[in-house]
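One structure is given here, and the rest of the page talks about it.
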Amino acid sequence: MQIVILPDADQVAEYAANAFVRQINHKLYSVLGLATGSTPLATYERLIQRYQAGKVSFRAVQTFNLDEYLGLAPDHPQSYRYFMNQAFFDHIDVRPENTHVPDGLAVDPQAACEAFERRLQAAGGIDLQLLGLGRNGHIGFNEPTSSLASRTRVKTLAPATVRDNARFFEPTEFQPELSLTMGIGTIMESRSVMLLATGEHKADAVARMVEGAVSAACPASVLQFHPHTRVVVDEAAAQSLALKAFYQHTEHQAQRLEAQARSHGPMA
Ligand code: GLP
2 MQIVILPDAD QVAEYAANAF VRQINHKLYS VLGLATGSTP LATYERLIQR
52 YQAGKVSFRA VQTFNLDEYL GLAPDHPQSY RYFMNQAFFD HIDVRPENTH
102 VPDGLAVDPQ AACEAFERRL QAAGGIDLQL LGLGRNGHIG FNEPTSSLAS
152 RTRVKTLAPA TVRDNARFFE PTEFQPELSL TMGIGTIMES RSVMLLATGE
202 HKADAVARMV EGAVSAACPA SVLQFHPHTR VVVDEAAAQS LALKAFYQHT
252 EHQAQRLEAQ ARSHGPMA
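Here my numbering is used: the sequence shown runs in plain steps of one and ends on residue 269.
Below is the structure:
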């Protein structure tokens with residue numbers, strides 16, 4: 002895992018947006034894995050700005066979102082499809098038919114999950130997967146004890162997740178307790194992964210993911226097995242990392258090597 006610790010949430014978003022722009026400009030037909038939640042919002046805002054400034058185009062890109070609430074229509078303000086349209090897709094030149102979010106109203110949800118997997122395979126798999134991190138260590142809606150080999154399927158939300166996400170729903174509104182989510186095995190097949198976490202409320206989950214044992218009790222810890230994962234966090238979310246200074250040192254060395262390679266100069 003590459004651990005990148007930045008001063009604040011703004012710089013995390015800036016770093017992530019730059020990585021996505023680089024990915025797309027390197028491969029115009031990139032397949033992007035996208036996430037919802039409050040963490041990636043600032044990244045999407047920056048990507049919209051880059052698009053408006055003519056620095057990137059999403060015209061040939063395909064996107065696959067991690068998850069959706071079961072039982073919410075695409076035009077329901079709390080659905081993840083609605084969130085993605087509002088926060089991102091409606092403001093860029095991605096083709097709507099190239100954006101894929103699991104179908105929250107599927108009559109046969111399991112069949113819809115299998116169809117989603119087939120579309121993802123047909124697109125050639127994900128080049129760069131953006132992830133947030135649940136306070137309980139979940140990725141997508143893969144709650145603790147999810148199979149580390151799981152595929153896209155229906156999952157029951159953990160009570161902690163229902164509580165965490167209650168802030169988005171009116172007190173009297175129906176709040177789903179079921180979801181469709183990319184599986185952990187599906188996520189692990191992405192060619193590269195970028196997980197973002199900001200704020201001190203994520204510090205414990207970040208430490209368990211990076212420095213804890215790999216365990217279904219903390220689904221994100223499986224990323225320790227992924228060969229190209231970057232964990233990008235702000236200082237607040239990094240505060241419980243025992244080896245924080247080492248990660249900063251490593252990152253500093255990596256940047257030095259990169260700068261050297263760019264200038265083709267000899268090692269100092
Ligand atoms: C949600 C989503 C996850 C997201 C996580 C963190 O429940 N299913 O994909 O990463 O919780 O959300 P936030 O970024 O708002 O903290």
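Every residue gets a Cβ at the ideal spot worked out from N, C-alpha and C, and that includes glycine.
Since we're looking at a predicted model, the values are computed, not measured.
query, result
"By the DSSP assignment, the alpha helix (DSSP H) with GLU118 in it spans what residues?", "110-123"
"Alpha carbon to alpha carbon, how far is LEU181 from LEU157? Give it in angstroms, no decimals.", "It should be noted that the sequence gives Thr, not Leu, for residue 157. The alpha-carbon atoms of THR157 and LEU181 are separated by roughly 9 Å."
"Quick check: what's the CA-CA separation for ASN66 versus VAL211?", "24 Å"
"Which residues in the same chain as GLY126 place their Cβ atom closer than 8 Å to its Cβ, once the five residues preceding and following it in sequence are excluded?", "VAL32, GLU190, SER191, ARG192"
"Check HIS101 in the structure and name its three-state DSSP category.", "strand"
"Comparing C-alpha positions only, which one of VAL207, MET195, ALA61, THR251 sits nearest to HIS229?", "MET195"
"Any heavy atom of the ligand GLP within a distance shorter than 7 Å of the CB on THR173?", "no"
"Taking only three categories from DSSP, how would you classify MET183?", "coil"
"Below 8 Å CB to CB, which residues in the same chain sit around PHE84 once its five sequence neighbours on both sides are set aside?", "THR37"
"Could you please give the first and the last residue of the uninterrupted beta strand (DSSP E) stretch that includes ASP30?", "It should be pointed out that residue 30 corresponds to Tyr in this sequence rather than to Asp. Premise fails: TYR30 is in no beta strand (DSSP E) and is neither H nor E."
"Identify the continuous alpha helix (DSSP H) that holds PHE247 and give its terminal residues.", "245-264"
"Name the residue from ASP205, LYS245, ASP235 whose alpha carbon lies nearest to the alpha carbon of TYR16.", "ASP235"
"With the cut-off set at 8 Å, would you say ARG231 and SER222 are in Cβ contact?", "no"
"Taking one C-beta from the segment 85-93 and one from the segment 135-155 each time, how about it: are there three or more such pairs within less than 8 Å?", "no"
"Can you tell which of ASP165, THR64, GLN122 has the C-alpha that lies nearest to the C-alpha of ASN99?", "THR64"
"With 8 Å set as the bound, which would you pick, yes or no: does the beta-carbon of ARG23 sit closer than that to a beta-carbon of chain D?", "Going by chain labels, chain D is absent from the structure shown, which holds only one protein chain."
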